[in-house]
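Here's the structure we're looking at; comments come further down.
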Amino acid sequence: MKMPNILPFLGIISLCGCAQFGGDNIAVENIAVVHDDIANAANGAKAAYYFEQADMAAAQNNMEKLALYVSALDGLGVSSKNSGFDDMGNADDPLAQWRQMAAMQLSKLPPVRGRALGIGYRSGWIGPGENVKIEQIFLAGERANIALSASVKGALQFTVLDRDQKQVCKISNKGQNSCSWLPIYTQRYGINIGNKASRKSRYYLVVE
Numbered sequence: 017m018k019m020p021n022i023l024p025f026l027g028i029i030s031l032c033g034c035a036q037f038g039g040d041n042i043a044v045e046n047i048a049v050v051h052d053d054i055a056n057a058a059n060g061a062k063a064a065y066y067f068e069q070a071d072m073a074a075a076q077n078n079m080e081k082l083a084l085y086v087s088a089l090d091g092l093g094v095s096s097k098n099s100g101f102d103d104m105g106n107a108d109d110p111l112a113q114w115r116q117m118a119a120m121q122l123s124k125l126p127p128v129r130g131r132a133l134g135i136g137y138r139s140g141w142i143g144p145g146e147n148v149k150i151e152q153i154f155l156a157g158e159r160a161n162i163a164l165s166a167s168v169k170g171a172l173q174f175t176v177l178d179r180d181q182k183q184v185c186k187i188s189n190k191g192q193n194s195c196s197w198l199p200i201y202t203q204r205y206g207i208n209i210g211n212k213a214s215r216k217s218r219y220y221l222v223v224e
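So the sequence shown is residues 17 to 224, counted in the numbering used here.
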């Protein structure tokens, strides 16, 4: 998945004040991070991008950047509790760990007002050549939106199959990172994530 490096020209819309990091005034609105490539993207796709950037910030021990993306995820109402996945498997909750890591920087930001109906996500690790299968029910007549990001660029791909094993969605981490469809029937869908890389990768699967 090709994602832009937005930090050199990070634009953040402000309605509720400014936080100061490293001598630079950074305006915040809940926080909404704006970039030409993602400004008009669906919230699920934005969340997947924020996860990728937060993962990179944590790996680089950049707590100021990490705090911004954690706040951006909170502003979208992202929570693993919203996912509704039937099988949590090897899933974990990196957001909780990131909040602890960047607690001091987060305390400098204005309070976040998350969305009433938040976005669900699942995160875990996939070894090289491995696959993870997740099942979730999507409702008839309600558009389903799924997005994927990973700690290893270009490592992952996933497909979504309906109960008849018909493919309704396919994403490669090398290109498009999100897809959507309108279920005709309320049914259980299978989400299959595969790691084609030579090393393990953390995945972030976002459902809106």
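Virtual Cβ for every residue (Gly too), placed ideally from N, Cα, C.
These figures come from a predicted structure and were not determined experimentally.
Asked                                                                                             : Found
Within 7 Å, strictly: CB atoms of Y220 and A64                                                    : yes
Cβ-based neighbour list, A58, same chain, cut-off 8 Å, excluding 5 preceding and 5 following      : N161, A163, S194, S196, E224
L111 - DSSP class collapsed to helix/strand/coil                                                  : helix
CB contact flag (M79, A118, <7 Å)                                                                 : yes
Cβ separation of R207 and L172, assumed to be a contact under 8 Å, to the nearest whole Å         : Before going on, a small fix: residue 207 reads as Ile here, not Arg. Incorrect: roughly 12 Å between the Cβ atoms, too far for contact.
Exposure of K81, with buried meaning 16 or more beta-carbon neighbours within 10 Å                : buried
Terminal residues of the beta strand (DSSP E) in which Y219 lies                                  : 217-223
Cβ-Cβ distance between W114 and A70 below 7 Å                                                     : yes
Terminal residues of the alpha helix (DSSP H) in which Q69 lies                                   : 59-75
Presumed contact (8 Å Cβ cut-off) between K216 and I142, rounded CB distance                      : 6 Å
Closest residue to R179 among V168, S165, F154 (Cα-Cα distance)                                   : F154
DSSP state of G39 mapped onto helix, strand, coil                                                 : Any reading at G39 needs caution, since the residue's pLDDT is 34, under 50, leaving its predicted position unreliable; the model's value is listed next. The answer is coil: DSSP assigns G39 none of H, G, I, E or B.
Per-residue burial, Y137 [other beta carbons within 10 Å of its own, 16 or more giving buried]    : buried
Residue environment, P144, which counts as buried when at least 16 other CB atoms sit within 10 Å : exposed
Sequence ranges, beta strand (DSSP E) only - wholly within the stretch 134-210, length at least 3 : 136-142, 147-154, 160-166, 172-177, 183-188, 194-197
Cβ-Cβ distance between Y85 and A156 below 7 Å                                                     : no
Pair within 7 Å by beta-carbon distance, S87 and P110                                             : no
CA-to-CA distance, D108 to E146, given in whole angstroms                                         : 18 Å
Delimiting residues of the alpha helix (DSSP H) encompassing L82                                  : 79-91
First and last residue of the uninterrupted alpha helix (DSSP H) at A213                          : Note, A213: premise wrong, no alpha helix (DSSP H); not H, not E.
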